[in-house]
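Counting in full-length UniProt numbering, the sequence shown runs from 1 upward without gaps.
Cβ coordinates follow ideal geometry from the N, Cα and C atoms, glycine included.
Computed from a predicted model, the values in this text were never measured in an experiment.
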Amino acid sequence: MVFNSRIHFRSQNTILFRANANKKVHALKMVDTLQVVSAWETILKQSSAVAPLVGLLAVVVGAWKYLEHTIFNRLKDILSLKDKNLGQNVENVEKKLTNLDEDLEEKFSNNKENLETLKQSMDLKLENVRVSLKGDIALVQANLEGVHAKLDEVLAFQKEFLKMYIGFEHRLSVVEGKIGII
1 MVFNSRIHFR
11 SQNTILFRAN
21 ANKKVHALKM
31 VDTLQVVSAW
41 ETILKQSSAV
51 APLVGLLAVV
61 VGAWKYLEHT
71 IFNRLKDILS
81 LKDKNLGQNV
91 ENVEKKLTNL
101 DEDLEEKFSN
111 NKENLETLKQ
121 SMDLKLENVR
131 VSLKGDIALV
141 QANLEGVHAK
151 LDEVLAFQKE
161 FLKMYIGFEH
171 RLSVVEGKIG
181 II
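Quick look at the structure:
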């Protein structure tokens, strides 16, 4: 079945749809975009060749919205959480260093004879803090590498999606050429 349709813009508020050589005429008030999309969907579904493409377009748009609203927002949340955790780790290290300084002053003033023991104790505590910091930094780096890997996966998917979309657009333009949409 050859399907011809034309849109005539009568005024700013009304769009007139003509289909099948004036057999059906639909006039709609243009309240919002959904009405226009719905009208086009109705017209395009009358052609068996275009109906699957309309469905495919709906699936592609739905997939893109899913990516946009779930995966991308989740990645933003993960990155902000990692930044927050890093800030908390820095605060914890500062508290540990402050506590070490207070311990040192208290022990030094109370007992000068144990200064050498105190120095060794502080060196041990500082070494523990260094080891703890190295572990925290390695954990943060591993988390960031995981986030970068996820972002690479999303970018690869986006490239594949764009290839599919460009192929779909080409097929749709071929179908539009056969349909004769003006």
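Would a C-beta distance cut-off of 9 Å place residue i and residue j closer than the cut-off?
| i | j | result |
| --- | --- | --- |
| Phe72 | Val140 | no |
| Val93 | Asp123 | no |
| Lys82 | Leu144 | yes |
| Leu162 | Leu57 | no |
What number of angstroms, rounded off, separates the C-alpha of residue i from the C-alpha of residue j?
| i | j | result |
| --- | --- | --- |
| His168 | Leu67 | Note that residue 168 is Phe in the sequence shown, not His. Answer to the nearest angstrom: the Cα atoms are 19 Å apart. |
| Leu75 | Thr98 | 35 Å |
| Ser121 | Lys159 | 56 Å |
| Val174 | Ile166 | 12 Å |
| Glu91 | His170 | 55 Å |
| Leu126 | Ala149 | 34 Å |
| Thr70 | Val131 | 37 Å |
| Phe3 | Lys65 | Note on Phe3: pLDDT 40, under 50, position unreliable in the model; the coordinate value appears next. Approximately 31 Å, taken between the alpha carbons. |
| Gln88 | Glu102 | 21 Å |
| Ala156 | Met164 | 12 Å |
| Asp152 | Ala142 | 15 Å |
| Glu116 | Asp77 | 49 Å |
Which whole-angstrom value is the C-beta distance of residue i and residue j, which I expect to be below 8 Å?
| i | j | result |
| --- | --- | --- |
| Val59 | Lys96 | So it is not a contact: roughly 54 Å between Cβ atoms. |
| Val147 | Leu79 | 6 Å |
| Leu118 | Leu104 | 7 Å |
Can you have a look at residue i and say buried or exposed, based on whether 16 or more other CB atoms are within 10 angstroms of its CB?
| i | result |
| --- | --- |
| Thr14 | In this prediction, Thr14 scores a pLDDT of 39, lower than 50, which makes its location untrustworthy; the coordinate-derived value is nonetheless stated afterwards. Per the 10 Å Cβ criterion, exposed. |
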